[in-house]
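The sequence shown maps to residues -21 to -1, 1 to 138 in mature numbering (1 follows the signal peptide of the UniProt record, and there is no 0).
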Amino acid sequence: MRVLVQYVAALCTFLFSTVAALYEGSEIKDHPFEWRSSAVFSQWVHGEVKTSSDILVVDYLVYAAKFKPFFPLLLLLGLLYFIALSGVVLFHKRKFSLIMYFGVWAVMLLLAAFFTFPAHSLGMKMMSIVFITSGTASGLAASLLYLIYKKEGVVVWGH
């Protein structure tokens, strides 16, 4: 029951913050001078963004993350909690898989930090900090789980 409550809380946080971030990010349509730097996905799909109708919805999230980061950060935190909880639920009996799950997420989150860190806006710098912090926490979780299982004499690597 406690896991279900955590899933519902994470999902509600994620959904509410997604809707709020999309709403706030829709302001990009009113700021053509931002299309070049904030409509990244639209440029990949359409080339140059010439009208507001060329802007993809995912670019609303980019714009919101740059200039109104509260809800995009909340979205990210809800998603990361959901992912971490899913790993614990799925792999709690498979020690090696749980360690690898957190290890892979650590690498992915630190890579995300690497790609967002050179950003100039405060919002994207805050996103980078969340990626660095959660990537480091995931790596520490993997390392601590390994050490705990090793100390308990649990065979982790399947031999």
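All C-beta atoms, glycine included, are put in the ideal place defined by N, C-alpha and C.
Within 10 angstroms of its Cβ, does Ile127 collect 16 or more other Cβ (buried), or is it exposed?
Reading the sequence shown from its first residue, position 148 is the one you call residue 127. It is exposed - the Cβ of Ile127 has fewer than 16 other Cβ atoms within 10 Å.
Use the C-beta contact count for Asp9: other C-beta atoms within 10 angstroms, 16 or more gives buried, fewer gives exposed.
Taking the first residue of the sequence shown as position 1, residue 9 is located at position 30. Its Cβ having fewer than 16 others within 10 Å, Asp9 is exposed.
Looking at the structure shown, is His25 part of a helix, part of a strand, or coil, going by DSSP?
Here the question's residue 25 lines up with position 46 in the sequence shown. Helix, per DSSP.
Every unbroken alpha helix (DSSP H) within the region 24 to 78, with a cutoff of 4 residues, ordered by chain
37 to 46, 49 to 70
Go through its chain and collect everything with a Cβ distance to Leu1's Cβ below 8 Å, but skip five positions before and after it.
Taking the sequence shown and counting its residues from 1, one reaches residue 1 at position 22. Excluding residues within five positions, the ones whose Cβ falls inside 8 Å are Val36, Tyr39, Leu40, Ala43.
Buried/exposed call for Leu(-7), threshold 16 Cβ in 10 Å
By one-based count along the sequence shown, residue -7 stands at place 15. That one is exposed.
On a CA-only basis, which of Phe75, Leu56, Phe12, Val(-19) is nearest Ala120? Give me that one, please.
Locating residue 120 in the sequence shown gives position 141, where the first residue counts as 1. Comparing Cα positions, the closest option is Phe75.
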